[in-house]
Every structure is written in structure tokens, then in C-alpha cells.
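Visitor: Throughout the sequence shown, residue numbering follows full-length UniProt numbering, covering 1 to 112 in sequence.
No residue lacks a Cβ here, since even glycine has one placed at the ideal position from N, Cα and C.
The structure follows.
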Amino acid sequence: MIVFPVRRARDDGISFEHAPTVCSNLGGHLANTSDLQAAHRLGLNFCRCGILRNNSSRYSALYNGTNCSDYATGGLPPPTIVTCKLPTSNAYLSPAPLAYCVFRRDVQIVFF
């Protein structure tokens with residue numbers, strides 16, 4: 001299995017309601033937090049908030065910082081998975097820029 005960030009051609013984001021369909025239309029399914037963590041361990045570093053199966057929005061980052069390029073300060077380890085929440089309401093970001101989808105390794109995705 002492989003986790004891949006997917007966004008729609010329109011740049012209006014993907015909501016919790018539409019994310020499962022976005023993935024299934026491409027032959028995959030919406031990733032869960034464990035899928036994203038496994039992808040992170042394999043090197044995924046995609047600093048864009050994406051919808052997950054548990055109706056949360058998160059991203060994988062190798063660095064700790066607001067712009068995903070700052071090294072951790074104070075000797076803290078970098079986060080594995082970062083939660084995307086709105087600062088004013090503490091709610092998960094939706095719509096998010098993309099959805100994290102899981103595909104079988106033998107599926108070939110062509111972008112054009």
C-alpha cells in the first residue's frame with residue numbers, strides 16, 4: 001500500500017464529506033492516521049493539510065515549525081503527524097487543500 005496526497009483540479013479544497021469519493025474515484029480509499037504515520041516512517045514529508053478517514057486533517061512533517069522547514073527548538077524531537085486545526089475554534093481544517101489516499105502498490109496513477 002502507498003499513501004499519496006491527492007487534490008482536485010479546482011483549488012477550492014476537499015471537505016470531509018467529499019474526501020472518500022475523491023479517493024475511491026481514483027481506485028483507492030481514504031487514509032487513516034496509521035497509514036499516514038507509516039508513510040511518514042517511509043519518508044513522506046508533505047507539508048500540506050489533508051483529510052483523513054477519521055474526519056481529521058493532518059500532515060506529515062520531518063521538521064517542527066510553523067513553516068515546516070524549521071528544525072525543532074529546545075532539543076524536542078520533530079513531530080510525526082501534525083494536526084491542522086483552526087486557531088479560532090480549535091476545529092479541524094475542512095475543506096483542506098487535499099486528501100491523503102491509499103492505493104495498492106501495483107496501481108499506476110497517471111497525471112496529465
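If you reduce the DSSP assignment to three classes, tell me which class His29 lands in.
Guide: Note: His29 maps to strand in three-state DSSP.
Visitor: Does DSSP put Ala38 in a helix, a strand or coil?
Guide: Residue state, collapsed to three classes: helix.
Visitor: Helix, strand or coil: which one does DSSP assign to Gly75?
Guide: In this predicted model, Gly75 has a pLDDT of only 42, less than 50, meaning its place in the structure is not dependable; the value taken from the coordinates is given anyway. The answer is coil: DSSP assigns Gly75 none of H, G, I, E or B.
Visitor: Below 8 Å on the Cβ atoms is my contact criterion, and I expect Ile51 with Ser60 to pass it. Report the Cβ-Cβ distance as a whole number of Å.
Guide: In fact, because the Cβ distance is near 14 Å, the residues do not count as touching under 8 Å.
Visitor: Among Arg105, Pro87, Leu30, whose alpha-carbon lies nearest the alpha-carbon of Arg53?
Guide: Arg53 has its Cα closest to that of Leu30, out of Arg105, Pro87, Leu30.
Visitor: For the pair the region 91-101 and the region 21-37, tell me if three or more CB-CB distances fall below 8 Å.
Guide: Enough Cβ pairs lie closer than 8 Å, so yes.
Visitor: Count the other CB atoms, across all protein chains shown, that sit within 10 Å of the CB of Leu44; report buried if there are 16 or more and exposed otherwise.
Guide: Its Cβ being crowded by 16 or more others within 10 Å, Leu44 is buried.
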